[in-house]
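In this note's numbering, the protein residues as written are 226 to 485.
Listed below in structure tokens is the structure:
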């Protein structure tokens, strides 16, 4: 288990460019039309809430009504966390933002973690994003705080493939990763969704793991360039060979043919 996790982490860390491109395009798409701080925040909240397959709209509606009627509390990272927790906080970081979102009805572990990760990316110096929301949002993750991976069915299926004896879920996956990786390294694990999504076919825990170009094309933000697609296909075979060593020969064969 730990050996495969180590190989996966190395792969993700070495290939950050691809998902960074996708996510940066996504952030630009749903933030570029807006100028005001409030409108940018509304857009992020709506976008993340609607990533759920079945959003609990009857619970989300009161939350959005509360957000729209308290504009003054949206003007800084600090006041927004106080708004979420209904009190002043001792710590203002991404862990407190996650737990603040988790208190809101209609927001679960995955969406709270996804919103937190998105806010971090919008303010992180490595992303050099021009559409940040708050001046006081941390640009780095503190070494002492917890940073959670937004676990969904795609990621659960990957962990099931690695160890089918465990019933994986948000809590078990994050507990395992947090025990073995730093808070900054946890953010690297977020790229696992991209590689998992474009290399799965079917549904459920027993879905097939295979390069799925159709899924790649369905993502609006991916590069629609044949040379890049071939590059990502080769990287995907490397990813798949980590999950299933029997597929390693295909990756090695294509890697060799690329240079002859």
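Even glycine gets a Cβ: it sits at the ideal position worked out from N, Cα and C. The structure displayed is predicted, hence computed values, not measured ones.
Worksheet item: Which ranges would you report for the alpha helix (DSSP H) in the region 293-355 if only whole runs of at least 4 residues count?
Response: 302-310, 319-327 and 334-348
Inset, instruction - Decide if residue 233 is buried, meaning its Cβ has at least 16 other Cβ atoms within 10 Å, or exposed. - result: Here residue 233 is buried. Its C-beta has 16 or more other C-beta atoms within 10 Å.
Exercise. Flag this pair as yes or no: are the beta carbons of residue 357 and residue 346 separated by less than 7 Å?
Key: no
message: So for residue 463, helix, strand or coil by DSSP?
response: helix
Nearest-angstrom beta carbon gap, residue 461 and residue 442 [assumed within contact, 8 Å]: So it is not a contact: roughly 14 Å between Cβ atoms.
* **Whole alpha helix (DSSP H) elements within the region 391-426, 4-residue minimum** => 395-405, 408-413 and 417-422
**Prompt:** Exposed or buried, residue 329, counting other C-beta atoms within 10 Å across all chains shown (16 or more means buried)?
**Reply:** Residue 329 is buried by the Cβ-count criterion.
My understanding is that residue 374 touches residue 415, with C-beta atoms under 8 Å, so please give their C-beta distance in whole angstroms.
6 Å
- Under 6 Å Cβ to Cβ from residue 430, same chain only, skipping five residues before and after it: list those, please. Closer than 6 Å at the Cβ level, and outside the excluded window around residue 430, lie 382 and 385.
**Asked** residue 269 to residue 398, Cα distance in whole Å?
**Response** 25 Å
Query raised in the report: residue 433 by DSSP, collapsed to three states: which one?
Result: strand
Skipping 5 residues on each side, what residues in its chain have a beta carbon closer than 7 Å to that of residue 266?
299 and 358
- Presumed contact (8 Å Cβ cut-off) between residue 433 and residue 250, rounded CB distance: At roughly 28 Å, the Cβ-Cβ gap does not stay under 8 Å, so residue 433 and residue 250 are not in contact.
Item to complete: Ignore the nearest five residues each way along the sequence and tell me which others in residue 237's own chain have a CB closer than 8 Å to its CB.
Response: 413, 414, 416, 417 and 420
inquiry  = Let me confirm a value: residue 400 is counted as buried when at least 16 other C-beta atoms fall within 10 Å, else exposed. Which label applies?
reply    = It is exposed - the Cβ of residue 400 has fewer than 16 other Cβ atoms within 10 Å.
Can you give the beta carbon distance from residue 325 to residue 310, rounded, assuming they're within the 8 Å contact cut? 5 Å
- Query: For the candidate residues 318, 281, 365 and 352, whose alpha-carbon lies nearest to that of residue 253?
  - Reply: 352
Quick one: using the 10 Å Cβ neighbour count with 16 as the cut-off for buried, is residue 342 buried or exposed? buried
| query | What is the DSSP secondary structure of residue 374, reduced to helix, strand or coil? | reply | coil
* What residue from 318, 279, 365 and 291 has the CA that sits closest to residue 333's CA? -> 279
Problem - Backbone CA spacing between residue 273 and residue 295 [nearest angstrom] - result: 20 Å
For residue 292 and residue 318, I'd like the C-alpha separation in whole angstroms. 20 Å
Review point. What's the C-alpha gap between residue 315 and residue 452?
Key: 50 Å
| field | Same chain, Cβ closer than 6 Å to residue 484, neighbours up to 5 away in sequence not counted | value | Residue placement at residue 484 is flagged as unreliable, the pLDDT there being 49, under the threshold of 50; a coordinate-derived value is accordingly withheld.
- Query: Taking the continuous alpha helix (DSSP H) assigned at residue 234, which residues delimit it?
  - Reply: Membership of residue 234 in the alpha helix (DSSP H) is indicated by the continuous run 227-239.
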